[in-house]
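Novice:
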Amino acid sequence: AQTVTQSQPEMSVQEAETVTLSCTYDTSENNYYLFWYKQPPSRQMILVIRQEAYKQQNATENRFSVNFQKAAKSFSLKISDSQLGDTAMYFCAFMGAGSYQLTFGKGTKLSVIP
Amino acid sequence: GAGVSQSPSNKVTEKGKDVELRCDPISGHTALYWYRQSLGQGLEFLIYFQGNSAPDKSGLPSDRFSAERTGGSVSTLTIQRTQQEDSAVYLCASSLSGSGTYEQYFGPGTRLTVT
């Protein structure tokens, strides 16, 4: 079974600064997908960024980028130029290539301080 | 277009009562998922539908939990004889099809409180 570990229960960052959220996972599969989801107080989970394991290039989406280290089974999220609207819970998630089920980490609560 | 909607937004029920939670997926999405989010267990997968069929019910915690999907659209998650440990946020998601190629879009969830 796959497991996803987020070792930082809470983090804070000053507005306009950069923050990195950590995620490690454990799997025996070679092909899979990794995701970062954001959950603001409204409860709605929003996909921030995704990475296919077969792609060596790290995914980027505007201010969000990942550092994907396949051998180390590490998938960190970097948020640049943090904004107040980035305040939320962030969940790292794993899905096997032949699967449909997301396995989530416990989440990191990020607070952006004005 | 409209996103995934869930009703009710909040539900308070007494222990032992049955509850029904509803999910309206995005139109055209053939895959539908239920997850449960609780303080103790985090986010857990419950069940997956492809069309009206549920090929994977492995996440349902007990036989008190059941789900159905009709017309390839609306899904209902039913919890019978609710227990306090059923208190959680129940999230529904849908995707074009069931694989990691397709993004899962989540609804706002139903917060269930069992007193």
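Quick note, the sequences are listed as chains A and B, same order.
For the first sequence, this note's numbering assigns the number 1 to the initial residue and increments by one for each residue that follows.
For the second sequence, this note's numbering assigns the number 115 to the initial residue and increments by one for each residue that follows.
Even for Gly, the Cβ is constructed at its ideal location relative to N, Cα and C.
Roughly how many whole angstroms lie between the Cα atoms of SER121 (chain B) and ALA71 (chain A)?
Specialist: Roughly 43 Å separates the two Cα atoms.
Novice: Which residues in the same chain as ARG269 (chain B) place their Cβ atom closer than 6 Å to its Cβ, once the five residues preceding and following it in sequence are excluded?
Specialist: Since the first and last residues shown for chain B are 115 and 229, residue 269 (chain B) lies out of range.
Novice: Could you tell me whether any Cβ in chain A is nearer than 8 Å to the Cβ of LEU157 (chain B)?
Specialist: So, interface residue.
Novice: Enumerate, from N- to C-terminal direction, the unbroken alpha helix (DSSP H) stretches of 4 or more residues contained entirely within the segment 149 to 215 of chain B.
Specialist: Taking only runs of at least 4 residues, no alpha helix (DSSP H) segment lies wholly in the segment 149 to 215 of chain B.
Novice: How about LEU102 (chain A) and GLN197 (chain B): do their beta carbons lie closer than 8 Å?
Specialist: Cβ distance not < 8 Å, so LEU102 (chain A) and GLN197 (chain B) don't count as in contact.
Novice: Can you name the start and end residues of the beta strand (DSSP E) that GLU15 (chain A) belongs to?
Specialist: Unbroken run through GLU15 (chain A): none, as it is neither H nor E.
Novice: Tell me the rounded alpha-carbon separation between PRO54 (chain A) and GLN69 (chain A).
Specialist: Inspection of the sequence shows that residue 54 (chain A) is occupied by Tyr rather than by Pro. Approximately 11 Å between the Cα atoms of the pair.
Novice: Please list the segments of the alpha helix (DSSP H) lying wholly inside the segment 20 to 67 of chain A, counting only runs of 4 or more residues, in order along the chain.
Specialist: List check, alpha helix (DSSP H) in window: nothing returned.
Novice: When you compare only the Cα positions, how much space is there between GLY154 (chain B) and LYS106 (chain A)?
Specialist: The straight-line gap from Cα to Cα measures roughly 10 Å.
Novice: How about VAL203 (chain B): is its C-beta nearer than 8 Å to some C-beta of chain A?
Specialist: Judged by the 8 Å Cβ criterion, VAL203 (chain B) is in contact with chain A.
Novice: Determine which residues share a DSSP beta bridge with GLN69 (chain A) and list them.
Specialist: Answer is A:SER74.
Novice: Could you pull the start and end residues of the beta strand (DSSP E) that GLY221 (chain B) belongs to?
Specialist: Careful: GLY221 (chain B) lies outside any beta strand (DSSP E) and carries neither H nor E.
Novice: I'd like to check one pair, VAL228 (chain B) with THR144 (chain B): are the Cβ atoms closer than 8 Å?
Specialist: Not closer than 8 Å, so no.
Novice: Determine which residues share a DSSP beta bridge with LEU226 (chain B) and list them.
Specialist: Its beta-bridge partners are B:LYS125 and B:ALA202.
Novice: So, with DSSP's three-state summary, where would you put LEU84 (chain A)?
Specialist: Helix at LEU84 (chain A).
Novice: Could you give the distance in angstroms between the alpha-carbon of TYR37 (chain A) and the alpha-carbon of LYS131 (chain B)?
Specialist: Each residue's Cα considered, the two are about 33 Å apart.
Novice: Of all the CB atoms in chain A, is at least one closer than 8 Å to the CB of ALA181 (chain B)?
Specialist: Not one chain A Cβ lies under 8 Å of ALA181 (chain B).
Novice: Suppose you measure from the CA of ILE113 (chain A) to the CA of GLN14 (chain A); what does that come to, to the nearest Å?
Specialist: Those two C-alpha atoms are separated by around 5 Å.
Novice: When the Cα atoms are used, what is the spatial distance from VAL133 (chain B) to ALA181 (chain B)?
Specialist: VAL133 (chain B) and ALA181 (chain B): Cα-Cα distance of roughly 12 Å.
Novice: With a threshold of 16 other CB atoms inside 10 Å of the CB of GLY221 (chain B), please say whether the residue is buried or exposed.
Specialist: So GLY221 (chain B) ends up on the buried side.
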